[in-house]
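Colleague: Using this note's numbering, you'd call the opening residue of the sequence shown number 247 and step up by one each time. For every residue, glycine included, the Cβ atom is placed at its ideal position computed from N, Cα and C.
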Amino acid sequence: MGSDVLLAFLFTLFAGLATGIGSFIAFFAKTTNTKFLSFALGFSAGVMIYVSMIDIFPKAQDALVAELGEQNGIWLTVISFFAGMIFIALIDKFIPKQSNPHELKKVEDMKDPGKAIKDPALLQMGGYTAIAIAIHNFPEGIATFVSTLQDPSLGLAIAIAVAIHNIPEGIAISVPVYYATNDKKKAFKLSFLSGLAEPAGAVVAFLFLMPFLNGVTFGIIFAGVGGIMVFISLDQLLPAAKKYDESHISIYGVISGMAVMAISLVLLI
Numbered sequence: 247m248g249s250d251v252l253l254a255f256l257f258t259l260f261a262g263l264a265t266g267i268g269s270f271i272a273f274f275a276k277t278t279n280t281k282f283l284s285f286a287l288g289f290s291a292g293v294m295i296y297v298s299m300i301d302i303f304p305k306a307q308d309a310l311v312a313e314l315g316e317q318n319g320i321w322l323t324v325i326s327f328f329a330g331m332i333f334i335a336l337i338d339k340f341i342p343k344q345s346n347p348h349e350l351k352k353v354e355d356m357k358d359p360g361k362a363i364k365d366p367a368l369l370q371m372g373g374y375t376a377i378a379i380a381i382h383n384f385p386e387g388i389a390t391f392v393s394t395l396q397d398p399s400l401g402l403a404i405a406i407a408v409a410i411h412n413i414p415e416g417i418a419i420s421v422p423v424y425y426a427t428n429d430k431k432k433a434f435k436l437s438f439l440s441g442l443a444e445p446a447g448a449v450v451a452f453l454f455l456m457p458f459l460n461g462v463t464f465g466i467i468f469a470g471v472g473g474i475m476v477f478i479s480l481d482q483l484l485p486a487a488k489k490y491d492e493s494h495i496s497i498y499g500v501i502s503g504m505a506v507m508a509i510s511l512v513l514l515i
């Protein structure tokens, strides 16, 4: 196994296990640091949007144009980009609303867990949330893996952005499970397992996509990855950041994420 492939797996594992960080925050913090979360989620969205539009989309287009010619290459890039959006939107559509992983939970909701011990409805909600987040993490794992193979520095930026995104998702799993069972181990285990869907996506990419990875398939997949990340940013990260927002902190996070990504790309030229 090449060093780039190993690095891609490590980045994907790091991003997925950030759900466990969310669990630790839920267990040990007394209150939710809403300013930090708002800025961090906005920062993650800024990184994803900037890198998708400025770096990923052009690289995908260059690869497809080189293989198929200018007109066909440009059209296939655009189609693949929006196909990535449709793919992740369909995943969202078929997940039950009551287990929506984007329904934010706060650490404050962990208070007095004894009042709700053995509440099967809360436990079921936590389980459904874990499944929903695992389904969302799967294509994110593919995105991180493929991006790292193309450019390790790009893969690292995406892995960090996805990891930030996964922290509040870990809280969303842990809060209802802990509240229902008063069992920190069970809540952490469920959160941890949902994060493993991220490296599972990388394994699928390695087994089923890499053997066919030529200029055309790379361009299609990479453009689709850009679409997936833009959709995640607009549909998940920005609304979540605004829910935690105070005094435009989320938009400052977006601008900061874009600026950091822009400077990083310039320095790497």
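Return the residue from the list Gly373, Phe328, Ile419 and Phe282 that minimises the CA-CA distance to Phe270.
Modeller: Here the closest residue by C-alpha is Ile419.
Colleague: For the alpha helix (DSSP H) that contains His411, what are its first and last residues?
Modeller: Start and end: Pro398 to Thr427.
Colleague: Below 8 Å, how does it come out for the stretch 298-309 and the stretch 425-443: are there three or more Cβ pairs, yes or no?
Modeller: No: the two stretches stay apart, fewer than three of their Cβ pairs being nearer than 8 Å.
Colleague: Should Pro457 be labelled buried (16 or more other beta-carbon atoms within 10 Å of its own) or exposed?
Modeller: Exposed, by the Cβ-count rule.
Colleague: Would you mind sorting His494 into buried or exposed? The rule is 16 or more other CB atoms within 10 Å of its CB.
Modeller: Classification of His494: exposed, given that the 10 Å Cβ count is below 16.
Colleague: Which residue marks the beginning of the alpha helix (DSSP H) containing Pro445, and which one marks its end?
Modeller: Where Pro445 is concerned, the enclosing alpha helix (DSSP H) stretches over Ala443 to Val450.
Colleague: Of all the options Asn412, Ile325 and Leu287, which has the alpha carbon lying nearest to the alpha carbon of Val500?
Modeller: Cα-wise, what sits closest to Val500 is Leu287.
Colleague: By the DSSP assignment, the alpha helix (DSSP H) with Ser326 in it spans what residues?
Modeller: Note, Ser326: alpha helix (DSSP H), Glu316 to Lys339.
Colleague: Report, in whole angstroms, the separation of the C-beta atoms of Gly401 and Ala446, which I expect to be a contact under 8 Å.
Modeller: Not quite, the Cβ-Cβ distance comes to about 17 Å (not below 8 Å), so this is no contact.
Colleague: Between the alpha carbons of Ser437 and Gly416, how many angstroms are there, rounded?
Modeller: Rounded to whole angstroms, Ser437 to Gly416 spans 5 Å at the Cα level.
Colleague: Please classify Glu444 as buried or exposed, where buried requires at least 16 neighbouring CB atoms within 10 angstroms.
Modeller: Its Cβ being crowded by 16 or more others within 10 Å, Glu444 is buried.
Colleague: Between the Cα of His382 and the Cα atoms of Ile478, Ile413, Phe464 and Val506, which residue gives the shortest distance?
Modeller: For the residues Ile478, Ile413, Phe464 and Val506, the minimum Cα distance to His382 belongs to Ile478.
Colleague: Which class does Gly473 belong to by DSSP, given the choice of helix, strand or coil?
Modeller: Of the three classes helix, strand and coil, the one that applies to Gly473 here is helix, per DSSP.
Colleague: Roughly how many angstroms lie between the CA atoms of Ile363 and Ile267, to the nearest whole one?
Modeller: Legend: pLDDT at Ile363 = 48, less than 50; position of this residue unreliable, value from coordinates given subsequently. Going from the Cα of Ile363 to the Cα of Ile267 covers about 24 Å.
Colleague: Which residues in the same chain as Trp321 place their Cβ atom closer than 6 Å to its Cβ, once the five residues preceding and following it in sequence are excluded?
Modeller: So the list is empty, once near-sequence residues are dropped.
Colleague: Out of curiosity, what's the CA-to-CA distance linking Leu310 and Gly472?
Modeller: Those two C-alpha atoms are separated by around 15 Å.
Colleague: Below 8 Å, can you find three or more Cβ-Cβ pairs linking the stretch 326-336 to the stretch 504-511?
Modeller: Output reads no: the stretch 504-511 does not touch the stretch 326-336.
Colleague: In this structure, how does DSSP classify Ile363 when only helix, strand and coil are distinguished?
Modeller: Residue placement at Ile363 is poorly supported in this model, since its pLDDT is 48, which falls under 50; the coordinates still yield a value, given next. Residue state, collapsed to three classes: coil.
Colleague: Just verifying my parser: in three-state terms, what is the DSSP assignment at Leu263?
Modeller: Note: Leu263 maps to coil in three-state DSSP.
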